[in-house]
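What follows is a set of notes on a single structure, which appears directly below.
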Amino acid sequence: MSEFSSVVLSGGGSRCLWQVGFWDTVAPALKLKPKIFAGVSAGAAMAGMIATGTSTIGIRLIKEATGKNKRNFYPGNILRKERVFPHYEIYKNTILNTLDNKALKKLKNGPEVRVLFAHPPFYLGARTGVFVGLMSYVIEKHTLHPVHPEFARKLGFTWTVARLNDCKSAEEVAHLILCSSCTPPFVPVLRYNKRITLDGGIIDNVPVSALEDVNDSGKTLILMSRIYRSDKIPNDPKRVYVQPSRDPGIGKWDYTSPDGLQAAYDLGRYDGEKFLKNYKF
């Protein structure tokens with residue numbers, strides 16, 4: 021079906037499993053074969069897994085890892101000079117073992133997978149840039165509730181859109197996704213081409229910005245991971261915004277609940293069934 025030529029996946033951490041559940045229900049029924057996926061943060065990881073047909077593996081691995089992880093914060097590790105937040109290692113290992121060299125071959129021959137990440141302006145130092153970027157996003161999110169934030173752009177933050185298809189190794193794939201997910205202290209600040217990177221969500225947490233150069237007749241299916249007020253969702257005839265019918269029930273950075281991850285996925289399947297019944301093609 022050519023109704024949707026591109027798919028956008030928002031950030032949202034653990035809640036992004038809703039997107040996979042929705043896709044697993046809707047895509048086979050509508051025979052969706054988009055030319056481009058665009059994602060940010062965990063949505064970028066989901067985009068890569070969906071595009072390579074490895075989401076089942078990824079879900080199994082993240083559920084196994086979170087089942088073994090008892091806490092989201094280990095204060096005792098401070099004295100041992102070890103990471104107090106387990107998220108980075110769990111996230112990175114899940115990506116490496118899902119989007120591996122076998123999946124890389126599928127990326128070379130499959131649809132484009134675009135990943136968006138942010139850079140602080142040159143007039144801000146590294147630490148200040150990280151702080152200002154993340155705070156601007158949080159303040160705008162909780163005061164104006166936009167689908168597409170603007171504060172960071174107005175402050176001079178820029179962005180890069182990179183393609184997973186151009187990666188030469190699983191490590192490079194993981195690095196790009198982690199660059200798009202840089203949210204200290206959970207994911208440390210990384211660099212891309214020597215520039216500091218931050219979670220791309222501060223530029224556009226529902227990253228239609230990654231498709232600015234695309235000009236075709238197809239529509240864009242936009243999968244969000246949390247609920248927005250209806251008056252905040254843009255009205256664009258070429259975009260179809262879909263959000264969960266209720267809160268997915270797991271925190272963005274909750275890495276202790278395999279049941280919560282499964283519940284988010286199951287809600288996506290449920291909402292996918294509703295979409296198939298109600299959407300007018």
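Numbering-wise (the working numbering), the sequence shown opens with residue 21 and increments by one. Every residue gets a Cβ at the ideal spot worked out from N, C-alpha and C, and that includes glycine.
Can you round the beta-carbon distance between residue i and residue j to whole angstroms, since I take them to be within the 8 Å contact cut?
i: P166; j: G59; result: Incorrect: roughly 19 Å between the Cβ atoms, too far for contact.
i: S200; j: S26; result: That pair is no contact at about 17 Å.
i: Y157; j: A146; result: Going by Cβ atoms, the distance from Y157 to A146 rounds to 17 Å, so no, they are not a contact pair.
i: T86; j: S277; result: 6 Å
i: T114; j: I82; result: 5 Å
i: A190; j: D120; result: 5 Å
i: K239; j: F24; result: 5 Å
i: L281; j: T203; result: Contact flag wrong, Cβ pair sits at about 19 Å.
i: P141; j: N225; result: Contact flag wrong, Cβ pair sits at about 19 Å.
i: F327; j: Y108; result: Outside the shown range of the chain (21 to 301) lies residue 327, about which nothing can therefore be said.
i: A138; j: T74; result: Not really, about 26 Å apart at Cβ, beyond 8 Å.
i: K294; j: S265; result: 7 Å
First and last residue of the alpha helix (DSSP H) that includes residue i?
i: Y285; result: 278 to 298
i: I110; result: 107 to 118
i: L196; result: 190 to 199
With DSSP as the reference, please indicate the residues paired to residue i in a beta bridge.
i: H139; result: T178
i: T217; result: L210
i: N124; result: Correcting the residue identity first, residue 124 is Leu in this sequence and not Asn. BP columns for L124 are empty, so no partner.
i: L154; result: Answer is none; L154 lacks a bridge partner.
i: E304; result: Here the chain covers residues 21 to 301 and nothing more, so residue 304 does not appear.
i: R183; result: R134
i: F301; result: Answer is none; F301 lacks a bridge partner.
i: F24; result: K239
In the DSSP assignment, find the beta strand (DSSP E) that holds residue i and state where it starts and stops.
i: V303; result: Past the boundaries of the shown model lies residue 303; the chain is included only from 21 to 301, so the question cannot be answered.
i: K252; result: It is not in any beta strand (DSSP E) - K252 carries neither H nor E in the DSSP assignment.
i: T240; result: 239 to 243
Counting pairs of beta carbons, one from the stretch 75 to 91 and one from the stretch 147 to 158, are three or more of them closer than 8 Å?
Short answer: they don't touch.
Taking contact to mean 3 or more Cβ pairs, one atom from each stretch, closer than 8 Å, check whether the stretch 67 to 76 and the stretch 124 to 137 are in contact.
Contact between the stretch 67 to 76 and the stretch 124 to 137 is present: three or more C-beta pairs spanning the two stretches fall below 8 Å.
At what residue ranges does the stretch 28 to 99 contain a whole run of the beta strand (DSSP E), taking only runs of 3 or more?
Correct list: 56 to 59.
With three or more C-beta pairs closer than 8 Å as the rule, is the stretch 205 to 225 touching the stretch 175 to 183?
Yes, the stretch 175 to 183 touches the stretch 205 to 225.
For the structure I just gave you, are there three or more beta carbon pairs, one from the stretch 202 to 215 and one from the stretch 115 to 129, closer than 8 Å?
A contact between stretches requires three or more CB pairs, one per stretch, nearer than 8 Å, and the stretch 202 to 215 fails this requirement with the stretch 115 to 129.
Contact the stretch 26 to 39 vs the stretch 229 to 246: 3+ CB pairs below 8 Å
A contact exists between the stretch 26 to 39 and the stretch 229 to 246.
Quick check: the stretch 282 to 294 against the stretch 38 to 52, are at least 3 beta-carbon pairs closer than 8 Å?
By the Cβ criterion, the stretch 38 to 52 is in contact with the stretch 282 to 294, since at least three pairs of Cβ atoms, one from each stretch, lie closer than 8 Å.
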